[in-house]
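Colleague:
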Amino acid sequence: MYYQSLSGIEKFLNNTSKSKYNQNKELIIPLIEKLDDWLISKPNFLRHRLSSNEFGFDNGISSELSMILFMAGLESEIFDYYFEVRDYDNFEYLGNITLEDYNKILSNGKIIKKFHFEEEVEINYEMVYIFFKLKIKPETSFLDNGPKPRGPKNNKLTSMNTDIFMMIMDQQEGQ
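Per full-length UniProt numbering, residue 1 is the first one in the sequence shown, and the count goes up by one each step.
The structure is reproduced here in structure tokens:
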């Protein structure tokens with residue numbers, strides 16, 4: 001596992017008494033390896049804006065299970081979270097809200113909030129997106145262990161790849 005700290009999710013799941021985690025523990029623990037692979041595939045700048053829904057979609061997992069996995073990661077201090085508000089019509093970013101604001105939306109159906117560039121905006125549940133930020137770093141690098149194998153096992157250059165490589169080299173020598 002590249003992000004070894006992800007094993008903290010499994011430890012949390014095995015030690016918690018919270019029912020939402022215990023009911024799904026057998027389904028969630030095998031997903032930790034998929035989460036590791038998925039995080040590796042993300043560029044560094046996107047690891048600050050992770051979506052549990054995107055993880056679920058990319059891996060054929062229900063949005064409910066992927067959210068439970070990310071919440072277990074939050075409880076294990078693997079992730080941090082934030083709430084982003086976007087406009088209905090043009091999906092324009094309006095700003096972030098707090099957990100307190102989010103809870104008010106869940107209980108009241110909506111809140112009125114003034115963002116720095118707008119007049120007051122009525123915010124409802126459908127305008128709020130939950131994103132997660134990865135707090136951990138790998139304990140080793142790819143250079144230490146080598147990258148996980150990806151793609152076909154035959155890594156031989158094809159004649160087309162060789163031709164393209166030679167063409168690029170010729171262009172660079174001519175400059």
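The beta carbon of each residue, even a glycine, is placed where N, CA and C say it ideally should be.
#1: Would residue 82 pass as a contact of residue 131 if the rule is Cβ separation under 8 Å?
#2: Are the stretch 44-52 and the stretch 111-127 touching, with three or more C-beta to C-beta distances below 8 Å?
#3: Beta strand (DSSP E) containing residue 95: first to last residue?
#4: Whole angstroms is fine: what's the gap from residue 32's alpha carbon to residue 100's?
#5: Quick check on the DSSP output: the beta strand (DSSP E) that includes residue 111 runs from which residue to which?
#6: Quick one, are the C-beta atoms of residue 129 and residue 84 less than 8 Å apart?
#7: Start and end of the beta strand (DSSP E) containing residue 120?
#8: Residues in the same chain with beta-carbon distance under 7 Å from residue 102, minus the five sequence neighbours each way, listed in chain order, please.
#9: According to DSSP, residue 50 sits in a beta bridge with which residue or residues?
#10: Mark residue 93 as exposed unless 16 or more other C-beta atoms lie within 10 angstroms of its C-beta, in which case mark it buried.
#11: How many Å lie between residue 112 and residue 80 at the Cα?
#12: Can you have a look at residue 149 and say buried or exposed, based on whether 16 or more other CB atoms are within 10 angstroms of its CB?
#13: Does the count of Cβ pairs from the stretch 103-110 and the stretch 60-67 closer than 8 Å reach three?
Modeller: Taking the definition as stated:
#1: It is a contact, given that the beta carbons lie within the stated cut-off.
#2: Not touching, per the Cβ criterion.
#3: Its beta strand (DSSP E) spans residues 93-97.
#4: Residue 100 has its alpha-carbon roughly 29 Å from the corresponding atom of residue 32.
#5: Run containing residue 111: 110-114, per the beta strand (DSSP E) assignment.
#6: Cβ atoms of residue 129 and residue 84: closer than 8 Å.
#7: Looking at the DSSP string, the run of the beta strand (DSSP E) that includes residue 120 is 120-124.
#8: Excluding residues within five positions, the ones whose Cβ falls inside 7 Å are 83, 128.
#9: DSSP lists 132 as partners of residue 50.
#10: Looking at its Cβ environment, which holds fewer than 16 other Cβ atoms inside 10 Å, residue 93 is exposed.
#11: Taking the straight line joining both Cα atoms gives about 25 Å.
#12: Confidence is the limiting factor: at residue 149 the pLDDT is only 49, short of 50, which leaves the residue's position unreliable, though a coordinate-based value still follows. With fewer than 16 Cβ atoms within 10 Å of its Cβ, residue 149 is classed as exposed.
#13: Taking 8 Å as the limit for Cβ pairs, the verdict is that the stretch 60-67 does not touch the stretch 103-110.
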